[in-house]
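Residues 12 to 404 (this note's numbering) are what the sequence shown spells out, left to right.
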Amino acid sequence: MISPEIRAQIRRYFYAEHWKIGTIATELGVHPDAVRNAIESERFHNSKPLGASVVDPYIEFIRHTLDQHPRLRATRIYQMIRDRGYSGSVVQLRRTVARFRPQRREAFLQLHTFAGEQAQVDWAHFGHVMVGRAKRALSCFVMTLSYSRALYLEFFFDQTMENFLRGHVHAFEYWSGQPRVILYDNLKSAVLERRGNQIQFHPRLIELSAHYHFVQRPCQVRAGNQKGRVERAIRYVRDSFWAGRTFTTLAECNRQAWLWRDQVAHQRRWPGGDHRTLADVFAEEQSRLLPPPLHAFSTDRIEAVRSRKTIYVRLDLNDYSIPPEAVGRQLISCFRCHGTHSRWLIRDRPAYSHLRSASARARSRASGSGAQDQAQSIPLHARRPLRASRARE
12 MISPEIRAQI
22 RRYFYAEHWK
32 IGTIATELGV
42 HPDAVRNAIE
52 SERFHNSKPL
62 GASVVDPYIE
72 FIRHTLDQHP
82 RLRATRIYQM
92 IRDRGYSGSV
102 VQLRRTVARF
112 RPQRREAFLQ
122 LHTFAGEQAQ
132 VDWAHFGHVM
142 VGRAKRALSC
152 FVMTLSYSRA
162 LYLEFFFDQT
172 MENFLRGHVH
182 AFEYWSGQPR
192 VILYDNLKSA
202 VLERRGNQIQ
212 FHPRLIELSA
222 HYHFVQRPCQ
232 VRAGNQKGRV
242 ERAIRYVRDS
252 FWAGRTFTTL
262 AECNRQAWLW
272 RDQVAHQRRW
282 PGGDHRTLAD
292 VFAEEQSRLL
302 PPPLHAFSTD
312 RIEAVRSRKT
322 IYVRLDLNDY
332 SIPPEAVGRQ
342 LISCFRCHGT
352 HSRWLIRDRP
362 AYSHLRSASA
372 RARSRASGSG
382 AQDQAQSIPL
392 HARRPLRASR
402 ARE
């Protein structure tokens, strides 16, 4: 709204001085629409009223049909009224349907949780990176507490169940406790099968929840708003941390991510108000978390492999050397925490130990220093996030 004085000045400039609308708006610092309203420009538009449309006789039928079937397509309505004598085009009908189709907007309630009650978990895709000569998918495990918005994130080369469990264990260790309820969407790492309200959780996730005494709870299908806090946290990671950064190793990537979390993410103002930061509120929430168990949950990846005729076995895109006496025998591979070491067993007896290589075609060398150098010089170059898609290796 403009004052009566400004309105009088606009009309004087237009009718007496014959200034243009844009000139008046610039001079007085008002919007051009305000100038048009002041000079009553609609009286200059002597447009003739539109004539009757061929759709008009069918408007009541269209409105009644849309009330009963709000999502019915315009092409189906076109077929229905054409059988009733409609001679117009489908383009005219689409305009009418768009005008009368009821707009259904879903109402949402604001989520309130108690301190230490709930956390939300999700994977986020961050494109692909070259590791040696192999193209690896880069993913980020994100868990956020619903009350304080305290964040835990960790980057991995894949979304295996072992890394999914490691993300939980590392988050609980960082928080020195765990929430009572953790919310998931329909991740394959969490939900194996879902038929209506009947849900089959992954056995390893059930073991994890039994060890840490929390309840795993799934979201409804196509209801991303139910875990909106972790969705917003992922978007914040993309915009505030990931964009414009470069890394040389996965360890360096995670080191910078955790430094950003402590110095930037947790220093934001808490959405609940009171001019407190996320770090301040998390310090209060931490005492409400469930106490951690005496021992951490085992996240080893155990896989049975059989060597052929050579002293190498293939596992996870890598070739590992084994002792000559293990050739042709059944081996059990145990990947230690963080996936940095693999231990080979023959009939439950230790046979050989390797520093796990991240290169796709890396061969274990006789000298341990060569393997160490190879694992520490992963050529990881951070890129802008690609469109979210399922990782394929």
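Yeah, the Cβ is synthetic: ideal placement off N, Cα and C, and Gly gets one too.
Contacting residues, own chain, Cβ-Cβ under 7 Å from VAL192 (five flanking each side not counted): Position 181 of the sequence shown, counting from 1, holds the residue named residue 192. The residues are GLU128, GLN129, PHE225, VAL226, ARG228.
Coil, strand or helix - SER332 by DSSP: The count along the sequence shown starts at 1 and reaches residue 332 at position 321. Three-state DSSP puts SER332 in a strand.
Rounded C-alpha distance that separates THR124 from PRO190: Numbered from its first residue, the sequence shown carries residue 124 at position 113. Numbered from its first residue, the sequence shown carries residue 190 at position 179. Their backbone Cα atoms lie some 11 Å apart in a straight line.
Cβ pair GLY188, LEU300 closer than 8 Å: Locating residue 188 in the sequence shown gives position 177, counting from the first residue. Locating residue 300 in the sequence shown gives position 289, counting from the first residue. Cβ atoms of GLY188 and LEU300: closer than 8 Å.
First and last residue of the uninterrupted beta strand (DSSP E) at THR155: Position 144 of the sequence shown, counted from the start, is the residue given in the question as residue 155. 145–156 is the span of the beta strand (DSSP E), which, as asked, contains THR155.
Residues of its chain near ILE50, where Cβ-Cβ distance is below 7 Å and the 5 sequence neighbours each way are ignored: Here residue 50 refers to the residue found at position 39 of the sequence shown. Here the set comprises ILE21, ARG22, PHE25.
ALA126 (DSSP reduced to helix, strand or coil): In the sequence shown, the residue the question calls residue 126 occupies position 115. Three-state result, ALA126: coil.
Whole runs of the beta strand (DSSP E) within the segment 208–257, excluding any shorter than 3 residues: 209–212, 226–229
Other residues of its chain near HIS286: CB distance less than 8 Å, five sequence neighbours each side excluded: Here the question's residue 286 lines up with position 275 in the sequence shown. ARG280, listed in sequence order.
Buried or exposed by the 16-neighbour rule on C-beta atoms within 10 Å, applied to ILE70: Numbered from its first residue, the sequence shown carries residue 70 at position 59. Exposed, since its Cβ has fewer than 16 Cβ neighbours within 10 Å.
Nearest to PHE175 (by Cα), restricted to the options SER309, ARG240, VAL142, GLN114: Along the sequence shown, read from residue 1 onward, the residue named residue 175 stands at position 164. Ranking the options by Cα distance to PHE175, first place goes to SER309.
Terminal residues of the beta strand (DSSP E) in which PHE167 lies: On the sequence shown, residue 167 is found 156 positions in, with the first residue counted as 1. Taken as a continuous stretch (DSSP letters only), the beta strand (DSSP E) holding PHE167 covers 162–167.
Spatial distance of GLU173 from ASP311 (CA atoms): Looking up residue 173 in the sequence shown gives position 162. Looking up residue 311 in the sequence shown gives position 300. Taking the straight line joining both Cα atoms gives about 7 Å.
Residues sharing a beta bridge with ASP133, DSSP: Here residue 133 refers to the residue found at position 122 when the sequence shown is read from its first residue. Answer is VAL153, bridged to ASP133.
The segment 76–94 contacting the segment 36–45, beta-carbon criterion three pairs below 8 Å: no
When TYR89, GLY99, GLN90 are compared against ALA63, the one with the closest alpha-carbon: By one-based count along the sequence shown, residue 63 stands at place 52. Minimum Cα distance to ALA63 is reached at GLY99.
Beta-carbon proximity of VAL108 to ILE88, cut-off 8 Å: For the purposes of this step, residue 108 is taken as residue 97 along the sequence shown, with counting starting at 1. For the purposes of this step, residue 88 is taken as residue 77 along the sequence shown, with counting starting at 1. Taking 8 Å as the Cβ cut-off, VAL108 and ILE88 qualify as a contacting pair.
ILE245 vs ALA135 beta-carbon contact at 8 Å: Reading the sequence shown from its first residue, position 234 is the one you call residue 245. Reading the sequence shown from its first residue, position 124 is the one you call residue 135. It is a contact, given that the beta carbons lie within the stated cut-off.
Pick from LEU83, VAL142, LEU156, ILE322 that is closest to PHE167, judged by C-alpha positions: In the sequence shown, counting from the first residue as 1, residue 167 sits at position 156. Comparing Cα positions, the closest option is VAL142.
Close Cβ partners of VAL202 (< 8 Å) along its chain, the five nearest in sequence each way excluded: Along the sequence shown, one-based indexing puts residue 202 at 191. Excluding residues within five positions, the ones whose Cβ falls inside 8 Å are TYR195, ILE210, GLN211, PHE212, HIS213, PRO229.
Environment of HIS179 [buried if 16+ CB atoms lie within 10 Å]: Counted from its first residue, the sequence shown places residue 179 at position 168. It is buried - the Cβ of HIS179 has at least 16 other Cβ atoms within 10 Å.
Cβ-based neighbour list, GLY239, same chain, cut-off 7 Å, excluding 5 preceding and 5 following: The count along the sequence shown starts at 1 and reaches residue 239 at position 228. The answer is none, since no qualifying residue turns up.
Span of the alpha helix (DSSP H), counted from its first residue to its last, around LEU301: On the sequence shown, residue 301 is found 290 positions in, with the first residue counted as 1. That residue, LEU301, is in no alpha helix (DSSP H); it is neither H nor E in DSSP.
ARG18, DSSP secondary structure in three states: In the sequence shown, the residue the question calls residue 18 occupies position 7. Three-state result, ARG18: helix.
Local conformation of MET12 per DSSP, three classes: Within the sequence shown, numbered from 1, the residue matching residue 12 stands at position 1. In the three-state scheme derived from DSSP, where H, G and I count as helix and E and B as strand, MET12 is classed as coil.
ARG272 versus GLN114, VAL248, ARG112, residue with shortest Cα-Cα distance: Along the sequence shown, one-based indexing puts residue 272 at 261. The option with the nearest alpha carbon to ARG272 is VAL248.
Backbone CA spacing between ARG177 and VAL140 [nearest angstrom]: Taking the first residue of the sequence shown as position 1, residue 177 is located at position 166. Taking the first residue of the sequence shown as position 1, residue 140 is located at position 129. Their Cα atoms are separated by approximately 21 Å.
Proximity below 8 Å, CB of ALA6 to CB of GLU296: The requested residue 6 is not part of the displayed model; the chain covers only 12 to 404.
Those residues which DSSP pairs with GLU204 across a bridge: Locating residue 204 in the sequence shown gives position 193, counting from the first residue. In the DSSP output, where bridge partners are listed per residue, GLU204 has GLN211.
Backbone secondary structure at LEU83 - three-state DSSP: Looking up residue 83 in the sequence shown gives position 72. In the three-state DSSP reduction, LEU83 falls in the coil class, being neither helix nor strand.
Sheet register partners of THR259 (DSSP bridge): Position 248 of the sequence shown, counted from the first residue, corresponds to residue 259. The partner list for THR259 (beta bridge, DSSP) is empty, contrary to what the question assumes.
GLU263 versus ILE217 - alpha carbon distance: By one-based count along the sequence shown, residue 263 stands at place 252. By one-based count along the sequence shown, residue 217 stands at place 206. Approximately 32 Å between the Cα atoms of the pair.
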